[in-house]
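Protein chains in written order, with the UniProt record's numbering: chain X, 1 to 126; chain V, 1 to 126.
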DNA sequence: CGGTATCCCCCGGGATACTG
DNA sequence: CAGTATCCCGGGGGATACCG
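Written out as structure tokens, the structure is:
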């Protein structure tokens, strides 16, 4: 996004996809849906994503107001992440995504496989 | 995705996001919603995206059965892209995305701005 | 515990030029 | 018209190591 395409502005969907289209944001929202969680808890659930990446993702979401980060002055340190109202409002957006995926994942995968197989068969077209 | 994480399988949402999370797929679906379009038509609507990129995106979508590619044996050549049933079924998925974006884009942008401004103020925390 | 700091690789995506 | 062929850059994201 170097030359500030007006597409970025004219197309709101891009804002959402840039925000939740990355690898972990959706899973984070889902995981925080029923209450705040600590950094390590999230890491475990997210299959031990690298701390750097998790931090980066969380910071980005915090920046956009999707969640809050609360540091507790204890030893050992404790940090909790919690969805904001805005963060919670994303659930209705994700449900259709989930539903579509659940319903069509097999179809897509088999279509993809068939398509690849067909291409592999006919290198003759060249 | 090198070491085939089981997350890819266990989390259907990823399939969708990997598919429509890229820069152009959503816009393509929206643009093909009311009927087939030719390659150049798509290019124009999509703010003159590079042919290479457009081709790549379209091929990926074709591979997953979201659209069909029809070549007409004419001169000059004509190629039309049309959503499949599966492709059309994505619309209900995108509408909430659109709606959320329309409703919250200003909020997110201002929250983001405020957040950045605050960080710029306090390099003292260091 | 909850992060930073580095290094590194891959690839999405744009620019430019050429072709059947 | 509808693509290919190259080159290139930025950054997402993982691995590893270290820190307050």
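Glycine included, C-beta positions come from ideal geometry on N, C-alpha and C.
Cα separation between residue 53/X and residue 100/V? Indexing the first chain from 1 puts residue 53/X at position 53. Indexing the second chain from 1 puts residue 100/V at position 100. A straight-line Cα-Cα distance of about 26 Å links residue 53/X and residue 100/V.
Report all residues from its chain with a CB closer than 8 Å to the CB of residue 7/X; omit the five preceding and five following residues, and keep chain order. Taking the first residue of the first chain as position 1, residue 7/X is located at position 7. Note that residue 7/X has pLDDT 47, beneath the 50 cutoff, so the model's placement of it is unreliable and the number below is only indicative. Closer than 8 Å at Cβ, skipping near neighbours: 14.
Would you mind telling me which residues of chain V sit closer than 8 Å to residue 77/X, beta carbon to beta carbon, in chain order? For the purposes of this step, residue 77/X is taken as the residue at position 77 of the first chain. Within chain V, no residue comes near residue 77/X; the closest Cβ sits about 16 Å away, beyond 8 Å.
For residue 92/X, return the contacting residues in chain V, with the cut-off set at a CB-CB distance below 8 Å. In the first chain, the residue the question calls residue 92/X occupies position 92. Think of a sphere of 8 Å around the beta carbon of residue 92/X: the chain V residues whose beta carbon falls inside it are 96, 100, in chain order.
Give me the chain X residues within the contact set of residue 115/V, using Cβ-Cβ distance strictly less than 9 Å, ordered along the chain. As a first step, residue 115/V is located in the second chain; it is residue number 115 there, counting from the start. 62, 63, 64, 65, listed in chain order.
Name, please, each residue of chain V whose Cβ falls closer than 9 Å to the Cβ of residue 51/X. Taking the first chain and counting its residues from 1, the one referred to as residue 51/X is at position 51. Within 9 Å Cβ-Cβ: nothing; residue 51/X doesn't reach chain V, min ~17 Å.
Continuous alpha helix (DSSP H) assignments of at least 4 residues falling wholly in the UniProt domain "HTH hxlR-type" (11-109) of chain X: Unbroken alpha helix (DSSP H) stretches of 4 residues or longer found wholly inside the UniProt domain "HTH hxlR-type" (11-109) of chain X: 12-20, 25-32, 39-45, 51-63, 85-88, given in chain order.
Taking buried to mean at least 16 other C-beta atoms within 10 Å of its own C-beta, is residue 119/X buried or exposed? Here the question's residue 119/X lines up with position 119 in the first chain. Residue 119/X should be labelled exposed.
Residue 35/V at chain X interface by Cβ criterion, 9 Å: The residue labelled residue 35/V in the question sits at position 35 within the second chain. Residue 35/V does not count as touching chain X.
Would you call residue 121/V buried or exposed, if buried means 16 or more other Cβ atoms sit within 10 Å of its Cβ? Residue mapping note: residue 121/V aligns to position 121 of the second chain, counting from 1. Burial call: exposed.
Name, going along the chain, the residues of the stretch 13-43 of chain X whose beta-carbon falls closer than 7 Å to a beta-carbon of chain V. Within the stretch 13-43 of chain X, the residues whose Cβ lies closer than 7 Å to some Cβ of chain V are 13, 15, 16, 17, 21, 26, 27, listed in chain order.
Candidates 85/V, 40/V, 25/V: which alpha carbon is nearest residue 59/V's? Taking the second chain and counting its residues from 1, the one referred to as residue 59/V is at position 59. Ranked by Cα distance from residue 59/V, the first of 85/V, 40/V, 25/V is 25/V.
So is residue 56/V in contact with chain X if we call contact Cβ pairs under 9 Å? In the second chain, counting from the first residue as 1, residue 56/V sits at position 56. Answer no: the Cβ-Cβ gap between residue 56/V and chain X never drops below 9 Å.
How about residue 144/V and residue 67/V: are their beta carbons less than 9 Å apart? The question about residue 144/V has no answer, for chain V in this structure spans 1 to 126.
Under the three-state reduction of DSSP, which class applies to residue 114/V: helix, strand or coil? Counted from its first residue, the second chain places residue 114/V at position 114. Annotated three-state conformation of residue 114/V is helix, per DSSP.
Quick one: list the residues of chain V neighbouring residue 107/X, beta-carbon separation under 8 Å, in chain order. Residue numbering aside, residue 107/X sits at position 107 when the first chain is read from its first letter. By Cβ distance, chain V contributes 65, 86.
Whole-angstrom distance between residue 22/V and residue 21/X, CA atom to CA atom: Position 21 of the first chain, counting from 1, holds the residue named residue 21/X. Position 22 of the second chain, counting from 1, holds the residue named residue 22/V. In this structure, the alpha-carbon of residue 21/X lies about 8 Å from that of residue 22/V.
Can a CB atom of chain X be found closer than 9 Å to the CB of residue 69/V? Counting from one through the second chain, the residue named residue 69/V turns up at place 69. Look at residue 69/V: its C-beta is not under 9 Å from any C-beta on chain X.
Give the interface partners of residue 111/V over in chain X, defined as CB-CB distance under 7 Å, in chain order. Here residue 111/V refers to the residue found at position 111 of the second chain. Ordered by position in chain X, the residues that pass the 7 Å Cβ test against residue 111/V are 64, 65.
Buried or exposed: where does residue 55/V fall if 16 or more other Cβ atoms within 10 Å of its Cβ makes it buried? Numbered from its first residue, the second chain carries residue 55/V at position 55. Exposed, by the Cβ-count rule.
Taking residue 57/V as the reference, which of 86/V, 75/V, 19/V has the closest Cα? Here the question's residue 57/V lines up with position 57 in the second chain. Closest in alpha carbon position to residue 57/V, among 86/V, 75/V, 19/V, is 19/V.
Go ahead and label residue 77/X buried or exposed: buried means 16 or more other beta carbons lie within 10 angstroms of its beta carbon, across all protein chains shown. To locate residue 77/X, count along the first chain from 1; it is residue 77. Exposed: under 16 other Cβ atoms inside 10 Å.
Under 8 Å from the C-beta of residue 104/V: neighbouring residues of chain X: The residue labelled residue 104/V in the question sits at position 104 within the second chain. Near residue 104/V (Cβ distances below 8 Å), the residues of chain X are 86, 89.
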